[in-house]
Amino acid sequence: MKYQVSTIGDCIKDIFVIAPSEVMTKGYFGSAKKYLSFPYGDKITIQKVEYDLGGSACNGAITFSRLGFKAALSTIVGGDIYSREALEILKKEKISNYFVFQEKGSSLGFSIILTGPDGDRTILVHRVEKDYTNINVGKIFEASEVIYVAGINKYSKILQKKILAYTVNTKKPLFLNPSSYQIKEGRRMLVKMISRSTGVCMNYVEALAFVRKKKMRRKDLLSTIHRIGTGFVIITMGSRGALFYDGTDFYKIGIYKMKVKDSAGSGDAFFATYIAGRMKGESTEDSLKLAAINSGHVASVYGAQKGLLRWGELKEKLGEGKVKITNL
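By our numbering, the letter at position 235 of the sequence shown is numbered 270, and the numbering carries on one by one without gaps.
This is how it looks when you write it as C-alpha cells:
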C-alpha cells in the first residue's frame, strides 16, 4: 500500500479568540446546560488571537505523520490564502496531498474558537460549499491500509455511502470521529458506518446526543454505542479524562496534567494517537496512556496541531508514569 493511513474529511483555518468571559449555567436538574457568556451590548477587548490549521481530518493526518506514519489527507481546499497556507503546512508535515482537490474559486472556511476561563471552548464554524464528488473514494481505499474519517459536514456527507460500500467490500479498518452534523442530522447513516467500523470516538456531550439521552451511566453509554457493531468506543471528557470499551474491558483514563489553554483538537489527538499506538504494537493500556499524553500537550497551547508530539517524545513521557488507568 502507498499510505499507511488516509484521513477523509475537513480542513479549515482555526482562529482562537481569547477575551474575558464567564461560564453560566441555565436550566434545572438534568436539563441544565453551560453557556460561554460575554456582556451583551458591551465592547470587549480581545486579549490575544492565535491562528492554526484545523479540521478533524487534518488534525488526524498531522498526528499520524508526526508519529511516523506515511499519511495522506483527502479534502477540498480553495484558492484563497488560507488554502495556500494549508497546502504548504501539509507539505512541511510530510502529508501527501494527492487526494486533496483544489477549487480555485472557493475558500478554505474557518472556525472562530472562543476560549473560556477553564480552557474549554465554544466554536463558531463557517463551512464553505464545495463539490465533494471530486473526491475519489475508490482510489483512496486502493492506496491505503487504514481509513480515518472525521469532520463530515452537510457538503461532504455524500462521501459516506461510498466510504461504507468500500469498507464492506475491502474489509479495511475504518475509524470514525463523527461530527456534530452527523450526530444531529445524519444519525441513520452514521449508525450504518459505526456498525462497520473498527473504532469510534466521540466526546461525552456528543455521545449522549447520539444515543438521545440527557443522562446515562457511563458503562451503559459505552455499551449502547458498542452494540451497534464497532470494535471499540472512546468517549473523551476533557478535564475528566476519557472512557474506553472494547467489548471486554471498561477503562477510565486519567489526564496528563498540564496547564490547559484551549481544548480544541485534544479529542482528535487522543483518538489518532490511540490508533497509532495500536498500529505500532503497543498494548491497549499503553496506547491509551500515549493518547492522554498527546491530548494533554495539545490542550496546553492554542492550536489543534502545535502541541502534537513525535513518537520518541511520547514514549519518553510514557515512562514518567503520570497517566493512570482504572477499571470502570
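Here a beta-carbon is modelled for each residue, glycine too, at the ideal position from N, C-alpha and C.
Worksheet item: Between the segment 286–295 and the segment 63–83, do three or more beta carbon pairs fall short of 8 angstroms?
Response: no
Worksheet item: With C-beta atoms as the reference, is Val268 less than 8 angstroms away from Leu257?
Response: The residue given as residue 268 occupies position 233 in the sequence shown. The residue given as residue 257 occupies position 222 in the sequence shown. Going by C-beta atoms, Val268 is nearer than 8 angstroms to Leu257.
Worksheet entry | Cβ neighbours of Asp321 in the same chain (closer than 7 angstroms, five flanking residues each side left out) | Here residue 321 corresponds to residue number 286 of the sequence shown, with the count starting at 1. Excluding positions up to five away in sequence, the list reads Gly312 and Leu353.
Practice prompt. Assign Tyr75 to one of two classes, buried (16 or more other C-beta atoms within 10 Å of its C-beta) or exposed (fewer than that).
Written response: Taking the sequence shown and counting its residues from 1, the one referred to as residue 75 is at position 40. Exposed: under 16 other Cβ atoms inside 10 Å.
Worksheet entry | Under the three-state DSSP convention, the category Asp303 falls into | Position 268 of the sequence shown holds residue 303. Note: Asp303 maps to helix in three-state DSSP.
Worksheet entry | Span of the beta strand (DSSP E), counted from its first residue to its last, around Glu180 | Mapped onto the sequence shown, residue 180 falls at position 145. Note, Glu180: beta strand (DSSP E), Ser179 to Ala185.
Discussion item. Applying the 10 Å Cβ sphere with the 16-neighbour rule, what's the burial state of Ala54?
Written reply: Reading the sequence shown from its first residue, position 19 is the one you call residue 54. The residue in question, Ala54, is exposed, as its Cβ has fewer than 16 Cβ neighbours within 10 Å.
Discussion item. With three or more C-beta pairs closer than 8 angstroms as the rule, is the segment 345–363 touching the segment 111–124?
Written reply: no
Worksheet item: Hey, how far is the Cα of Ala244 from the Cα of Phe279?
Response: Counted from its first residue, the sequence shown places residue 244 at position 209. Counted from its first residue, the sequence shown places residue 279 at position 244. Cα-Cα distance, rounded: 18 angstroms.
Item to complete: Find out if the Cβ-Cβ distance for the pair Ser214, Val40 is shorter than 8 angstroms.
Response: As a first step, residue 214 is located in the sequence shown; it is residue number 179 there, counting from the start. As a first step, residue 40 is located in the sequence shown; it is residue number 5 there, counting from the start. Contact: no.
Worksheet entry | Burial state of Gly140, where buried means 16 or more other Cβ atoms lie within 10 Å | Your numbering for residue 140 matches position 105 in the sequence shown. Under this definition Gly140 is an exposed residue.
Worksheet entry | Own chain partners of Lys6 with C-beta closer than 7 angstroms, once the 5 adjacent residues on each side are dropped | A query on residue 6 cannot be resolved here, the shown segment of the chain reaching from 36 to 363 and no further.
Worksheet item: Contact between the segment 92–99 and the segment 302–311: three or more CB pairs below 8 angstroms?
Response: yes
Worksheet item: What distance in whole Å lies between the Cβ atoms of Val172 and Gly44, which are believed to be in contact at a cut-off of 8 angstroms?
Response: Indexing the sequence shown from 1 puts residue 44 at position 9. Indexing the sequence shown from 1 puts residue 172 at position 137. Wrong, their Cβ atoms sit about 12 angstroms apart, outside the cutoff.
Discussion item. For Tyr286, count the other beta carbons within 10 Å of its own beta carbon; 16 or more makes it buried, fewer makes it exposed. Which is it?
Written reply: On the sequence shown, position 251 is the one that residue 286 refers to. With 16 or more Cβ atoms within 10 Å of its Cβ, Tyr286 is classed as buried.
Worksheet item: In terms of DSSP beta bridges, what is Phe285 paired with?
Response: As a working note, residue 285 is residue 250 in the sequence shown. Paired residue(s): Tyr280.
Fill in: Rounded Cβ spacing between Gly186 and Ala326 (contact assumed at less than 8 angstroms)
Along the sequence shown, one-based indexing puts residue 186 at 151. Along the sequence shown, one-based indexing puts residue 326 at 291. So it is not a contact: roughly 19 angstroms between Cβ atoms.
Fill in: For Gln137: DSSP bridge partner residues
Here residue 137 corresponds to residue number 102 of the sequence shown, with the count starting at 1. According to DSSP, which records beta bridges pairwise, Gln137 is partnered with Val112.
Practice prompt. Identify, in the order they occur along the chain, each residue of the same chain with its Cβ nearer than 7 angstroms to the Cβ of Ala242, setting aside the five sequence neighbours on each side.
Written response: Reading the sequence shown from its first residue, position 207 is the one you call residue 242. The residues are Leu256, Ile260 and Ile270.
Practice prompt. Could you tell me the distance, in whole angstroms, from the CA atom of Ile263 to the CA atom of Ile229?
Written response: Residue numbering aside, residue 263 sits at position 228 when the sequence shown is read from its first letter. Residue numbering aside, residue 229 sits at position 194 when the sequence shown is read from its first letter. Approximately 7 angstroms, taken between the alpha carbons.
Worksheet entry | Proximal residues to Arg231 (C-beta, below 8 angstroms), its chain only, five neighbours per side dropped | Walking along the sequence shown from the start, residue 231 turns up at place 196. These residues qualify, in order along the chain: Leu199, Thr202, Val203, Leu209 and Gly264.
Practice prompt. My understanding is that Ile50 touches Gly144, with C-beta atoms under 8 angstroms, so please give their C-beta distance in whole angstroms.
Written response: As a first step, residue 50 must be located in the sequence shown, where it is residue number 15. As a first step, residue 144 must be located in the sequence shown, where it is residue number 109. Rounded, the Cβ-Cβ distance is 11 angstroms, inconsistent with contact.
Item to complete: Please state whether DSSP places Thr271 in a helix, a strand or coil.
Response: Numbered from its first residue, the sequence shown carries residue 271 at position 236. Reduced to three states, the DSSP call for Thr271 is strand.
Worksheet item: To which residues of the same chain is Gln217 closer than 6 angstroms at the C-beta, ignoring the five residues directly before and after it?
Response: In the sequence shown, the residue the question calls residue 217 occupies position 182. So the list reads Ile187 and Leu225, once near-sequence residues are dropped.
Worksheet item: Looking at C-alpha atoms only, which residue of Leu71, Thr60 and Asp87 is the closest neighbour of Gly342?
Response: Position 307 of the sequence shown holds residue 342. Checked all of Leu71, Thr60 and Asp87; the closest Cα to Gly342 is Asp87.
Practice prompt. In the DSSP assignment, find the unbroken alpha helix (DSSP H) run with Val226 in it and report its ends.
Written response: Counting from 1 along the sequence shown, the entry for residue 226 is found at position 191. First-last of the alpha helix (DSSP H) with Val226: Arg222 to Ser230.
Discussion item. Which runs of the beta strand (DSSP E) at least 3 residues long sit entirely within the segment 194–267? Give them in chain order.
Written reply: 209–212 and 234–238
Worksheet item: Under a Cβ-count criterion, where at least 16 other Cβ atoms within 10 Å of its own Cβ denotes burial, should Met59 be classed as buried or exposed?
Response: Taking the first residue of the sequence shown as position 1, residue 59 is located at position 24. It counts as exposed.
Worksheet item: For Gly356, is the classification buried or exposed, using 16 other Cβ atoms within 10 angstroms of its Cβ as the cut-off for buried?
Response: If you number the sequence shown from 1, residue 356 lands on position 321. So Gly356 counts as exposed.
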